[in-house]
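Okay, structure first, notes after.
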Amino acid sequence: MSDRNTLNGAAQDDARQGDAGRVLDIVSLYPKDMNIYGDSGNVLTVRRRAELYGYTPVVHNYNQGDEWPERVDMILGGGGQDQGQGTITDDLFRRSAQIHALADAGCPMLLICGMYQLFGEYFQTIEGNRLAGINVLDLYTVGHDVRMIGNLVEHTEEFGDVVGYENHSGQTFLGPNAKPWGRVDADGTGNNGGDHTEGARYNAVIGTYMHGSVLPKNPKVADYLIGTAATNRYGVFDPQYVDGAQEELRHLDELAARAAAVAASRPR
Ligand code: GLN
355 MSDRNTLNGA AQDDARQGDA GRVLDIVSLY PKDMNIYGDS GNVLTVRRRA ELYGYTPVVH
415 NYNQGDEWPE RVDMILGGGG QDQGQGTITD DLFRRSAQIH ALADAGCPML LICGMYQLFG
475 EYFQTIEGNR LAGINVLDLY TVGHDVRMIG NLVEHTEEFG DVVGYENHSG QTFLGPNAKP
535 WGRVDADGTG NNGGDHTEGA RYNAVIGTYM HGSVLPKNPK VADYLIGTAA TNRYGVFDPQ
595 YVDGAQEELR HLDELAARAA AVAASRPR
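Under the numbering used here, the letters of the sequence shown match residues 355 to 622, in that order.
Right, dumping it as structure tokens:
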């Protein structure tokens, strides 16, 4: 058997296309309707850090009615107003089977706030309208008249403390098949203000209320998403730094640590 035949399908495609087998296909989910409080910063962060690690990120902006990309290595989704959530649900259901298959296969995903809610079973608005979700994460959300707003620190097992900013009316309750992403100290914050959980995990899927945007302030999480995407696709995460890349990464990490410290020192 030649070496070529030992490559998996994606690597063969890349070899045919003549790149070095370093492409990462990243879907930005509904950037037109689901992108508030700077969530598109997550896409910029992943793209830049992937480049600094010597990968070739290809960002597919997926909006309603668009074609689904042939290959998906990561999905990033942002928050949205209740109205924006209503706008995209029909299309999200058309993509539900593909997204479920990717989640089950270990594709890394980061879903913030409004998109986090729609990856659960349903989101019931304050007015009592129920928006069905695609149920990748075992949870449901009910809107309340008291919004949870402010800077937030959560304690995660995997990444240590994660700093972000929450702003939501929805209170989210996890079922037995979702584990929380992290824990929060104060009442009135996190998933539902009561049980001190924040976010949810399933496989490599992270759902969270953390805006901020969250990845620039928490580069470890960005690196987890990139590393998992690269490993899934190429069997290994293999950073190849171009000139100045390590310096830039160090600088970004320093800025992130300073920004996180400021945010953590200013709770609501
Ligand atoms: N509309 C949802 C809520 O307020 C989501 C808001 C958001 O994405 N920031 O609960």
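Even glycine gets a Cβ: it sits at the ideal position worked out from N, Cα and C.
Report yes if the C-beta of residue i is less than 6 Å from at least one heavy atom of the ligand GLN; otherwise report no.
i: residue 619; result: no
i: residue 436; result: yes
i: residue 522; result: yes
i: residue 697; result: This structure leaves residue 697 out entirely; the chain is present only between 355 and 622.
i: residue 461; result: no
i: residue 561; result: no
i: residue 392; result: no
i: residue 468; result: yes
Pick from the options: whose alpha carbon is nearest that of residue i?
i: residue 474; options: 553, 613 and 581; result: 553
i: residue 426; options: 606, 607 and 586; result: 586
i: residue 471; options: 386, 564 and 515; result: 564
i: residue 463; options: 605, 521, 528 and 556; result: 556
i: residue 504; options: 580, 533, 457 and 538; result: 538
i: residue 483; options: 593, 411, 534 and 443; result: 443
i: residue 572; options: 608, 481 and 550; result: 608
i: residue 441; options: 452, 459 and 418; result: 418
i: residue 499; options: 561, 580 and 547; result: 547
i: residue 518; options: 610, 398 and 481; result: 610
i: residue 493; options: 543, 618, 562 and 593; result: 562
i: residue 545; options: 575, 569, 496 and 576; result: 496
i: residue 435; options: 501, 543 and 569; result: 501
i: residue 532; options: 569, 559, 398 and 449; result: 559
By Cβ distance, which residues of its chain are closer than 7 Å to residue i, with the 5 residues on each side in sequence left out?
i: residue 359; result: With a pLDDT of only 33 at residue 359, under 50, the local geometry of the prediction cannot be trusted, and the value read off the model is given with reservation. Closer than 7 Å at Cβ, skipping near neighbours: no residue.
i: residue 511; result: none
i: residue 438; result: 387, 388 and 468
i: residue 347; result: A query on residue 347 cannot be resolved here, the shown segment of the chain reaching from 355 to 622 and no further.
i: residue 433; result: 388, 390, 391, 393, 466, 467, 468, 469 and 565
i: residue 602; result: 406
i: residue 621; result: 504 and 505
i: residue 452; result: 422
Could you name the residues of the same chain whose beta carbon sits closer than 8 Å to that of residue i, not counting the 5 residues immediately before and after it, in chain order?
i: residue 455; result: none
i: residue 598; result: none
i: residue 401; result: 380, 411 and 413
i: residue 486; result: 443, 447, 475 and 476
i: residue 618; result: 505, 507, 515 and 517
i: residue 534; result: 528, 545, 551, 552, 553, 554 and 555
Look up residue i in the DSSP assignment and give the residues it is bridged to.
i: residue 388; result: Residue 388 is not bridged to any residue.
i: residue 533; result: 555
i: residue 486; result: 476
i: residue 588; result: DSSP lists no partner for residue 588.
i: residue 509; result: 515 and 537
i: residue 377; result: 410
i: residue 468; result: According to DSSP, residue 468 bridges with nothing at all.
i: residue 493; result: 528
i: residue 504; result: 520
i: residue 560; result: 464 and 555
i: residue 415; result: 382
i: residue 430; result: 382 and 464
i: residue 565; result: 519
Examine the ligand FMN and report whether any of its heavy atoms sits within less than 6 Å of the Cβ of residue i.
i: residue 401; result: The ligand FMN is absent from the structure shown, which contains only the ligand GLN.
Please return the same chain residues whose Cβ sits closer than 6 Å to the Cβ of residue i, not counting the five positions on each side in sequence.
i: residue 521; result: 503
i: residue 508; result: 516, 536, 538 and 552
i: residue 583; result: 378, 427, 428 and 462
i: residue 591; result: 581, 584 and 585
i: residue 613; result: 571
i: residue 409; result: 376 and 378
i: residue 594; result: 408
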